[in-house]
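Shown next as structure tokens:
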């Protein structure tokens, strides 16, 4: 019998889980709030609704942070990022601007900086599959899709 992979609701997908399994997927057959870890496969080639990828961030004023990016697979664009700081998640979703503004203000206070110096974030994440990584810039407060795409890189020499 194969070991069962965890199926976690969004609010149970903690930083500890992301340290163990850095990439999670939301599959069509599961409830929309449920996530499964992606193991031993290219996360960019699986058929799923969304990916949540453990990510390193850098603010405009050089503060290094950790968290996740959320990738809408239908469009291959980033729709959200979450920052883990001080035992708390701060969420930035381009579809929920008022909540993003609230969390931006609270994160700026926690970091003792201004909200203007936070965005756009630079980000980088290893996909732990075949040397692939994603990187780019994300700003949840832009009206269009600029800055929401991501670049796929390979560390393999061709």
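Residue numbers (this note's numbering): 156 to 313. Backbone N, C-alpha and C define an ideal beta-carbon position, used for all residues, glycine too. Treat the numbers as computed from the prediction; the structure is a model and nothing was measured.
Over the uninterrupted beta strand (DSSP E) stretch that includes residue i, give me the two end residues.
| i | result |
| --- | --- |
| residue 178 | 178-181 |
| residue 235 | 232-239 |
| residue 197 | Residue 197 -> no beta strand (DSSP E), and no H or E assigned at all. |
Cutting at 7 Å between CB atoms, please list the residues of its own chain near residue i, excluding the five before and the five after it.
| i | result |
| --- | --- |
| residue 175 | none |
| residue 269 | 263 |
| residue 273 | 214, 215, 259, 262, 263 |
Which residues does DSSP list as the beta-bridge partners of residue i?
| i | result |
| --- | --- |
| residue 213 | 219, 277 |
| residue 268 | In DSSP, residue 268 forms no bridge with anything. |
| residue 207 | 179, 225 |
| residue 190 | 163 |
| residue 244 | 239 |
Can you find the residues in the same chain that come closer than 6 Å, C-beta to C-beta, to residue i, ignoring five residues on each side of it along the sequence?
| i | result |
| --- | --- |
| residue 245 | 238, 258, 262 |
| residue 277 | 213, 292 |
| residue 192 | 160, 176, 179 |
| residue 163 | 190 |
| residue 219 | 213 |
So residue i is in the alpha helix (DSSP H); what residue range does that whole segment cover?
| i | result |
| --- | --- |
| residue 287 | From DSSP, residue 287 is part of no alpha helix (DSSP H) but of the beta strand (DSSP E) over 287-293. |
Whole angstroms is fine: what's the gap from residue i's alpha carbon to residue j's?
| i | j | result |
| --- | --- | --- |
| residue 189 | residue 173 | 14 Å |
| residue 295 | residue 223 | 14 Å |
| residue 170 | residue 178 | 12 Å |
| residue 286 | residue 195 | 12 Å |
| residue 221 | residue 167 | 18 Å |
Leaving out five residues on either side along the sequence, give the residues of the same chain with a beta carbon under 8 Å from the beta carbon of residue i.
| i | result |
| --- | --- |
| residue 280 | 177, 208, 209, 210, 211, 224, 288, 289, 290 |
| residue 198 | 178, 180, 206, 208, 282, 284 |
| residue 203 | 180, 181, 182, 183, 228 |
| residue 255 | 246, 247, 248, 249, 295, 296 |
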